[in-house]
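In my numbering, the protein residues as written are 886 to 1143.
C-beta atoms are modelled at their ideal positions from N, C-alpha and C, and glycine is treated no differently.
Source: prediction; values computed, not measured.
Printed below as a string of structure tokens:
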């Protein structure tokens, strides 16, 4: 593969979160040192929340915080103060815990959106924000320094779900999706595979025995790929298996799901 795959297994979920925090700090410090700024897309969920709290405690991360631009990989179509908001979670667990401000904070839904047309406009505006705020490009696509992702028990990542007919054929960088019925809220904004796969580094943080089988299958698919460069393709069974990275694709796992 052009983008080397690393799989790091920790004894338990807490040590995995700490290990991911160390990786995040290292990638962003390096980018900020080389280019004067760093860019990251945050994931939602309980596991990343614990990671962000550990990240906020790291002195090496605090040193580059004022040069970091913060984006999101996906968002539920709710207000920014709703309990299910990914922005709210990251603000409480990371942003509010840091001293000083980052170089930029770019929530996916910075305005009150109440209907489908608002959500679609928000997706268009976020693509424009990515274009304007991220200077690195890969084939014309903005290239994040780091994208943090998780994997659901159904193999979804960000808000890219199995069965989505556009996965593997996306022309947009950001789009509105409707999650399966078992998820609430169902309307979500998400970065797409082309945008995520243009990141220099992608870090999956996954914990829990219930995800062991899906993680094994995602890793099997990734290891069997003939190229490390994203191209439009047939949709993978599990969307997480369709993610590439420019330099490194990292899986941080606990023993229960490895």
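Buried/exposed call for residue i, threshold 16 Cβ in 10 Å
{"i": "residue 1032", "result": "buried"}
{"i": "residue 898", "result": "buried"}
{"i": "residue 1013", "result": "exposed"}
{"i": "residue 971", "result": "buried"}
{"i": "residue 1101", "result": "exposed"}
{"i": "residue 1017", "result": "exposed"}
{"i": "residue 984", "result": "exposed"}
{"i": "residue 1124", "result": "buried"}
{"i": "residue 933", "result": "buried"}
{"i": "residue 1028", "result": "buried"}
{"i": "residue 997", "result": "exposed"}
Separation of residue j from residue i, as counted between CA atoms
{"i": "residue 904", "j": "residue 1136", "result": "11 Å"}
{"i": "residue 914", "j": "residue 1026", "result": "23 Å"}
{"i": "residue 921", "j": "residue 952", "result": "7 Å"}
{"i": "residue 965", "j": "residue 1142", "result": "32 Å"}
{"i": "residue 1138", "j": "residue 1097", "result": "10 Å"}
{"i": "residue 1086", "j": "residue 1095", "result": "26 Å"}
{"i": "residue 993", "j": "residue 1073", "result": "10 Å"}
{"i": "residue 1128", "j": "residue 1078", "result": "6 Å"}
{"i": "residue 1003", "j": "residue 1063", "result": "14 Å"}
{"i": "residue 1148", "j": "residue 1042", "result": "What the structure shows of the chain is the stretch from 886 to 1143, and residue 1148 is not part of that stretch, so it cannot be assessed."}
{"i": "residue 1034", "j": "residue 973", "result": "17 Å"}
{"i": "residue 1109", "j": "residue 1115", "result": "14 Å"}
{"i": "residue 919", "j": "residue 1067", "result": "44 Å"}
{"i": "residue 929", "j": "residue 975", "result": "8 Å"}
{"i": "residue 948", "j": "residue 1019", "result": "21 Å"}
{"i": "residue 1011", "j": "residue 988", "result": "17 Å"}
{"i": "residue 1134", "j": "residue 943", "result": "23 Å"}
{"i": "residue 908", "j": "residue 1057", "result": "29 Å"}
{"i": "residue 967", "j": "residue 1126", "result": "30 Å"}
{"i": "residue 1015", "j": "residue 995", "result": "14 Å"}
{"i": "residue 1021", "j": "residue 912", "result": "15 Å"}
Beta-carbon proximity check, residue i vs residue j, cutoff 8 Å
{"i": "residue 1070", "j": "residue 962", "result": "yes"}
{"i": "residue 924", "j": "residue 1055", "result": "no"}
{"i": "residue 1107", "j": "residue 890", "result": "yes"}
{"i": "residue 926", "j": "residue 957", "result": "yes"}
{"i": "residue 1075", "j": "residue 959", "result": "yes"}
{"i": "residue 892", "j": "residue 1104", "result": "yes"}
{"i": "residue 946", "j": "residue 901", "result": "no"}
{"i": "residue 1008", "j": "residue 1061", "result": "yes"}
{"i": "residue 978", "j": "residue 938", "result": "yes"}
{"i": "residue 1122", "j": "residue 1065", "result": "no"}
{"i": "residue 936", "j": "residue 916", "result": "no"}
{"i": "residue 1083", "j": "residue 1006", "result": "no"}
{"i": "residue 1089", "j": "residue 1036", "result": "yes"}
{"i": "residue 955", "j": "residue 991", "result": "yes"}
{"i": "residue 1059", "j": "residue 1099", "result": "no"}
Where residue i sits in the DSSP three-state scheme
{"i": "residue 935", "result": "helix"}
{"i": "residue 856", "result": "A query on residue 856 cannot be resolved here, the shown segment of the chain reaching from 886 to 1143 and no further."}
{"i": "residue 1139", "result": "strand"}
{"i": "residue 1002", "result": "helix"}
{"i": "residue 1127", "result": "helix"}
{"i": "residue 966", "result": "coil"}
{"i": "residue 1063", "result": "strand"}
{"i": "residue 972", "result": "helix"}
{"i": "residue 1045", "result": "strand"}
{"i": "residue 1080", "result": "helix"}
{"i": "residue 1069", "result": "coil"}
{"i": "residue 891", "result": "strand"}
{"i": "residue 1110", "result": "coil"}
{"i": "residue 1085", "result": "coil"}
{"i": "residue 1122", "result": "coil"}
Requested in this report: Would you list, in sequence order, the uninterrupted beta strand (DSSP E) runs of no fewer than 3 residues that lie entirely inside the segment 904-960?
Outcome: Taken in chain order, the unbroken stretches of beta strand (DSSP E) that lie wholly in the segment 904-960 and span 3 residues or more are 923-927, 953-957.
Requested in this report: Let me know the beta strand (DSSP E) ranges lying completely inside the segment 974-1036, each 3 residues or longer, listed in chain order.
Outcome: Fully enclosed beta strand (DSSP E) runs of 3 or longer: 1031-1034.
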